[in-house]
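Below is one structure, written out as structure tokens; comments come after it.
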Amino acid sequence: MNKEFQVDAFVFVTKEDAERAAKEKKQVAYIKSHMDMSSFDKVKALYEKSNKERLFRTPIGLAFMQDLYNALIKGGANPDELLPVFVQANFDQRLRPQTVSEKQNEMFKQKQEKLRTNHKISLIMNVVLLVAVIVMFVITIKSDNPNILNYETAIQNRYSAWEQELNDREKAIKEKELELIRN
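Residue numbers (this note's numbering): 194 to 376.
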């Protein structure tokens, strides 16, 4: 049995049913702690309102409705005057597995669709990032500024330009010295 879908003594087929039962359990606890259950009129009003609005649908809530019904009968209410509790369930065991199977198939299809969507988004993001990386490499290669790809060449070019400039200056100075010595 699946313990994660268990609330009190009841194990539910789906997570949604278990969550609904847990919610109803909290509602019942709240009502019991904040309402005077010995007041016949309050119990009757609660029973009628809960029944008309169908506030309780799980076995936990329906058990509480049964307790209210029994309290009203003990308090002197006529069973024929009380509205019966409506049960929204199909207890035909032959139909239930098919319903569960259909629900599981639907959940599987939803998960599959979500995975496909996530895969498409991931693929698009990867392509965008790849294009961005390629553009960055192109910009880096075509850039005049030294970077990790062309720093060695840039430094060699700079030093060779300095060396050429120094050689030109040295040559000019030597020519001037020779001119001065001749004069």
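For every residue, glycine included, the Cβ atom is placed at its ideal position computed from N, Cα and C.
Item, Value
"Taking the CB atoms as reference points, tell me whether Ala222 and Val200 lie closer together than 7 Å.", "no"
"Hey, out of Met230, Glu295 and Ile317, whose CA is closest to Val206's CA?", "Glu295"
"Which two residues bound the contiguous alpha helix (DSSP H) that contains Glu274?", "No alpha helix (DSSP H) holds Glu274; DSSP gives it neither H nor E."
"Just reading off the alpha helix (DSSP H) that Arg362 is part of, what are its end residues?", "Tyr344 to Arg375"
"Look up Gln305 in the DSSP assignment and say whether it is helix, strand or coil.", "helix"
"Taking one C-beta from the region 260–277 and one from the region 300–311 each time, how about it: are there three or more such pairs within less than 8 Å?", "no"
"How many angstroms separate the CA atom of Asn350 from the CA atom of Glu356?", "10 Å"
"Rounded to whole angstroms, what's the CA-CA distance from Asp337 to Asn319? Just pull it up for me.", "29 Å"
"What do you reckon, are the CB atoms on Phe203 and Pro252 nearer than 7 Å?", "yes"
"Would you grab the beta carbon distance between Lys217 and Phe249 for me? Rounded to a whole angstrom, and I think it's under 8 Å.", "According to the sequence displayed, residue 217 carries Glu and not Lys. Their Cβ separation, rounded to whole angstroms, is 6 Å, which keeps Glu217 and Phe249 in contact under 8 Å."
"Looking at the unbroken alpha helix (DSSP H) that takes in Arg213, where does it start and where does it end?", "Lys208 to His227"
"Under DSSP, the alpha helix (DSSP H) around Ile341 begins and ends at which residues?", "Ile341 -> no alpha helix (DSSP H), and no H or E assigned at all."
"Applying the 10 Å Cβ sphere with the 16-neighbour rule, what's the burial state of Phe330?", "exposed"
"Quick check on DSSP: helix, strand or coil for Phe203?", "strand"
"Please classify Val321 as buried or exposed, where buried requires at least 16 neighbouring CB atoms within 10 angstroms.", "exposed"
"Between Phe249 and chain D, is any beta-carbon pair separated by less than 7 Å?", "Reference to chain D is not applicable here, since this structure consists of a single protein chain."
"Hey, how far is the Cα of Asn340 from the Cα of Leu359?", "26 Å"
"Can you find the residues in the same chain that come closer than 6 Å, C-beta to C-beta, to Arg362, ignoring five residues on each side of it along the sequence?", "none"
"Find out if the Cβ-Cβ distance for the pair Lys237, Leu265 is shorter than 7 Å.", "yes"
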